[in-house]
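Read top to bottom, the protein sequences are chains A and B. Mapping of the first sequence onto the numbering used here: position 263 corresponds to residue 263, and the numbering continues sequentially without gaps. Mapping of the second sequence onto the numbering used here: position 27 corresponds to residue 27, and the numbering continues sequentially without gaps. Even glycine gets a Cβ: it sits at the ideal position worked out from N, Cα and C. Here's the structure, in structure tokens; my notes come after.
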Amino acid sequence: MTRYVLRRLLQVPIGLVVVGSLAFLLIHLAPGGPVTALSGEFATAELRQEIEARYGLDRPLGERYLTWLGAAARGDLGRSYLYKAPVLQVIGERLPATLSLVLPAAALSLLIGSAIGLGSTSPPGARRRLLGPLLALVGHMMPTFWVAQGLVLLFALTLGWLPVQGLDDPRLATPSLFDRVRHLVLPVAALAIHQLAMTALTLRAALGAEVGRPYMTTARAKGLAFPRALRRHALANAMPPVLAVLGGRIGAAFVGAIAVETVFALPGLGRLVVSAALNRDHPLVLGIALCVCAVAMLGNLATDLVMNRLEPRMGLDRDEAHAG
Amino acid sequence: MIGARTVLLSLLLALSSTVVSAQQPLTVVAAVSADPGHLNPAITTGSPTHAVADSLFNGLLSLDAKGEPQPDLAVRWSLSEDGLRARFELAKDARWHDGRPVTAEDVKFTFESVLLRHHARTRASLGPVLDAIDAVDPATVEFRFKRPYPALLQQLDVTEAPILPRHVYGNGDIEQNPANLKPVGSGPFRFESYAKDDRVVMARNPAYFKAGLPRIDRLVFRVIPDGTTQAQALAAGEIDFVGRVAPSEIARLQQSGRATLEDVTFGPGGGNCIMTLGFNLDRPALQSREVRQAFAAALDRRQFVDRILLGHGRVADAPISSGIGWAHAAGTFPASLFDPARARALLDAAGLKPDGEGVRLSVDLVQFASFGRYADLLREQLGAVGIRVRPRLVDPAAMVDAVFRQRNFDLTLVSYCNGSDPEIGVRRMYVSGNIGNIPFSNAAAYRNPEVDALFAGAGSTVDRDRRAAAYRAIQEIVVRDLPYLWLVETDFTVAWRSGLAGFAGWSGQFAERAGPR
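If you want it as structure tokens, here you go:
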């Protein structure tokens, strides 16, 4: 087990080098550079050259790649061109907003998605219950910014129950916890609506495979009602694929956050990556790519470890069994 | 006994002060579309920085809604007869936010060490003509010029030339100065805090040198990237000011009844903007004047006003904006040029006959993705006469690269802001010295020695009649040559919460005089 974890941890730096190098190539393949964003309009050719020299943009690409790689290996991701601050600091400042959005949304989608999955699983031979999964699918297919706008129109503008945007009310000297929670309701809901179909459908499929098993027949023969048997016996067996899907979608959660953070004007990582890419803020784009990659890889490892606890048959304890 | 009295007195004082503070301090929340990145307006012309940081600083002069100079740090100014000297007298009680006085040395330092190096526009405009700046005495500064420079007074406001304190910004590399994130200025508001991509908070400067100003206690800038969200937040009363309302949101705000809207021709960092279609004159197919005239005849520019600007603008009836009234040659490029039959005839005459699908000419159009509605209408109207347009909608960095560096485009769409003087925002579009890797300059690669000479003449005299004559001649020539098609003059719509008043939507320092109605 320890050897397995160590091996997986050793893969992280390799993955980072690969992702970092690809991202480096991609961002430099994109036409244009950061100079216009840095100088503003009207910059003369001379001024542009000065700025390029200042940020080392006049050096050959190979040299810049090696310089960046060397520094990154020592944990130095450089300074953001635009924010004029260390990349890790810039990313760290955006983390709270994104986490306060992504974590509750993940919990909510897991909870509601599980409820839909459970509720829509019918006993063998009974009529299929499709309404819940169908609604979840509709929520998944609608563009997130569209869902977000719809929520704002209804709950903020028409009913006036909740605020349109922001993390808190900037007119308050010290924002209360209540105020912050109020501001998070709509963005979290918008993101959760997008995500819950994954949990609902995966769980429904996994439960479907369980309902015909002999242990379910036994449970029901003992007199347990179907929903109760489902929750007490089938759910635990059906959870591993749900967790696997959830763990594998950590990267996707950030993508969903882009639209939600834009519509609700939240200062998170999703918006940061957009503005970094638009402004060709190379160190920042690369830093975000590395961080998201590291989180995704560690998240996958954590998921695998949890699943191994739930499902010892995966056999992570037998070191030779898996290549990861 | 004395002790008891003191206690009583201080208690009364404390009470009265709570009464004062109970009188709700006025916070104004303004929306901005992008994070400023840093708060030093002297080292960039980027509008995200200026939209926020201009409220912390002052220029030597300010500009009124018509673009005419008004006092700011300088209370009096005079120009010499020959146009070679300009003298400014600074306000006696102007102080930096740390309490030190604003001096002529600060002005000299700001221009010489910062603006003429790092502020792209001021470097391009004043750099070549400025001879020296002298601090005559602590309150007097004099600019000396190599030749008369007519647009000087239009280029000294807080957006073009914010003045910085030398004792804060004078040491080391200014790009790395910590004050860029914790600025010290002289402006109506003092910096309080900056949370990136979220908000910048400022407080009233109690020692501001203009008596009775500002009237707002706290000014908060909220970064709200989406135009729809900005309008919704204003309609819901969450914010108080939107500097640039998207045309599609104007009707919604008017209906909400909670906002006051005003059209202005100026915004911080640019004004008198003309949405302009540029031809790449390096492309053989576009080198024929008849072909370019066909484009002009194919476009019904009134549709751009009606369908895209929703009435918030005008057909551009001359190459120079009507906002610079004395230089604008009205009617030289009239809306009545629209004549699709003539467009087809011109294309026929140029030998561009329709092929099997009715296509005479196929061109690409490289432009900002954010101007997508223009691309749709251009494609529709040009398509009607057999010119097929393939839009390439890209982000700003890619557009600058394709158009100005690689010159890989047929048509491009640029919002050229003329500014308050043709010397600032018109000359750069036409003079041959501005062809090349200079963003938003001579995109067409237009070369005409006569036009070059006329601009040189108009830019080196302060005689407005002579200048007006030169600009009229230039406009007649470029309308004949058509390196560009001037589509529409675009207005900015500013909106603020009803109940407030005094916003200067055209200025970087928009909140200096704002307050309760």
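Residue closest to residue i, alpha-carbon to alpha-carbon, out of the options
i        : options                                : result
Glu160/B : Val129/B, Asn58/B, Gly331/B, Val245/B  : Asn58/B
Arg289/B : Ser256/B, Gly351/B, Asp317/B           : Gly351/B
Arg480/B : Tyr374/B, His118/B, Glu512/B, Arg292/B : Arg292/B
Leu157/A : Gly185/B, Val136/B, Leu253/B, Arg204/B : Leu253/B
Arg232/A : Gly268/A, Ala53/A, Leu305/A, Val211/A  : Val211/A
Glu89/B  : Asp98/B, Pro71/B, Arg360/B, Arg95/B    : Pro71/B
Arg147/B : Gly83/B, Pro206/B, Val201/B, Gly99/B   : Gly83/B
Ser114/A : Met307/A, Ala253/A, Leu230/A, Arg249/A : Leu230/A
Ala277/A : Gly56/A, Gly32/A, Val17/A              : Gly32/A
Glu68/B  : Val363/B, Gly323/B, Leu365/B, Arg466/B : Gly323/B
Thr260/B : Ala297/B, Gln406/B, Trp506/B, Val494/B : Val494/B
Gly78/A  : Glu311/A, Asn300/A, Leu305/A, Leu286/A : Leu286/A
Ser95/B  : Lys210/B, Leu413/B, Arg76/B            : It is worth fixing the name first, because residue 95/B is Arg in this sequence and not Ser. Answer by Cα proximity: Lys210/B.
CA-to-CA distance, residue j to residue i, given in whole angstroms
i        : j        : result
Ile308/B : Pro247/B : 8 Å
Glu249/B : Cys273/B : 20 Å
Pro516/B : Pro25/B  : 11 Å
Ala189/A : Pro284/B : 56 Å
Tyr446/B : Tyr471/B : 17 Å
Ile27/A  : Ile438/B : 22 Å
Ser231/B : Glu238/B : One detail in the question is off: residue 231/B reads as Ala in this sequence, not Ser. One C-alpha to the other measures close to 10 Å.
Gly223/A : Thr303/A : 35 Å
Gln176/B : Thr49/B  : 16 Å
Ala504/B : Arg513/B : 8 Å
Pro104/A : Leu290/A : 24 Å
Ala22/B  : Asp217/B : Unreliable placement is indicated for Ala22/B, whose pLDDT of 43 sits below 50; no coordinate value is reported for it.
His183/A : Ala343/B : 56 Å
Ala106/A : Ala151/B : 58 Å
Leu135/A : Leu111/A : 16 Å
Gln509/B : Val107/B : 19 Å
Val185/A : Asp168/A : 12 Å
Met1/B   : Phe178/A : Since pLDDT at Met1/B reaches only 42, below the 50 mark, its modelled position is unreliable, and the value read off the structure follows with that caveat. About 48 Å.
Contact list for residue i against chain A, beta-carbon separation under 9 Å
i        : result
Gly436/B : Ala45
Ala124/B : Phe42, Ala43, Thr44, Leu47
Gly185/B : In chain order: nothing, as chain A lies at least about 18 Å away.
Proximal chain B residues relative to residue i, where beta-carbon distance stays under 8 Å
i        : result
Arg280/A : Ala397
Gly62/A  : Within 8 Å Cβ-Cβ: nothing; Gly62/A doesn't reach chain B, min ~21 Å.
Residue i: contacting residues in chain A (beta-carbon distance under 8 Å)
i        : result
Val223/B : Ala265, Pro267
Thr518/B : Look at the range of chain B in this structure, 1 to 517, and you will see that residue 518/B is not part of it.
Val220/B : Pro170, Arg171
Glu175/B : Arg54, Lys84
Gly37/B  : Leu82, Tyr83, Lys84
Arg513/B : Chain A residues near Arg513/B: none, gap ~21 Å exceeds 8 Å.
Pro101/B : By Cβ distance, chain A contributes nothing, its closest Cβ being about 29 Å from Pro101/B, past 8 Å.
Thr44/B  : Leu38, Ser39, Gly40
Val400/B : Gly32, Thr36
Chain-ordered chain B contacts of residue i [CB-CB under 9 Å]
i        : result
Leu90/A  : The question names Leu, but residue 90/A in the sequence shown is Val. The contacting residues are Lys196.
Arg182/A : Result: empty, since nearest Cβ-Cβ is about 12 Å, beyond 9 Å.
Val285/A : Result: empty, since nearest Cβ-Cβ is about 12 Å, beyond 9 Å.
Residue i: contacting residues in chain B (beta-carbon distance under 7 Å)
i        : result
Val164/A : Thr229, Gln232, Ala233, Ala236, Glu238
Partner residues on chain A for residue i, Cβ-Cβ distance less than 7 Å
i        : result
Asn180/B : Lys84
Arg199/B : Pro170
Review point. Are three or more beta carbon pairs between the segment 383–395 of chain B and the segment 418–432 of chain B nearer than 8 Å?
Key: no
Self-check item: the segment 250–268 of chain A contacting the segment 230–241 of chain A, beta-carbon criterion three pairs below 8 Å
Solution: no
message = For the pair the segment 315–329 of chain B and the segment 399–409 of chain B, tell me if three or more CB-CB distances fall below 8 Å.
response = no
Q) Counting only runs that start and end within the segment 213–301 of chain B, where is the alpha helix (DSSP H) found for 4 or more residues in a row? A) 227–235, 247–256, 289–298
Should the segment 130–144 of chain B be regarded as contacting the segment 92–105 of chain B, the criterion being three or more beta carbon pairs within less than 8 Å? yes
| Could you give the uninterrupted runs of the alpha helix (DSSP H) lying entirely in the segment 372–397 of chain B, keeping only those of 4 residues or more? | 372–383
| Are at least three pairs of beta-carbons, each pair with one atom in the segment 218–226 of chain B and one in the segment 290–303 of chain A, less than 8 Å apart? | no
Practice prompt. Just list the alpha helix (DSSP H) runs in the segment 23–83 of chain B, keeping only unbroken ones of 4 residues or longer that don't cross its boundaries, in chain order.
Written response: 47–53
| said: Would the segment 188–198 of chain B count as touching the segment 154–173 of chain B if we require 3 or more Cβ pairs under 8 Å? | reply: no
Does the segment 178–185 of chain B come into contact with the segment 125–135 of chain B, if we say contact requires no fewer than three beta-carbon pairs (one atom in each stretch) closer than 8 Å?
no
Check whether the segment 4–17 of chain A and the segment 374–385 of chain B are in contact - that is, three or more C-beta pairs closer than 8 Å.
no
- Task: Quick one: which unbroken alpha helix (DSSP H) runs of 4-plus residues sit fully inside the segment 461–507 of chain B? Chain order, please.
- Result: 464–481
Cβ pair count under 8 Å reaching 3, the segment 199–206 of chain A against the segment 102–118 of chain A: yes
task = Would you check if there are 3 or more beta carbon pairs closer than 8 Å linking the segment 273–292 of chain A to the segment 189–198 of chain A?
result = no
inquiry  = Measuring CB atoms only, is the segment 193–206 of chain B touching the segment 59–79 of chain B, in the sense that at least three cross pairs come out at less than 8 Å?
reply    = no
Does the segment 447–458 of chain B touch the segment 424–435 of chain B, meaning 3 or more C-beta pairs lie closer than 8 Å? yes
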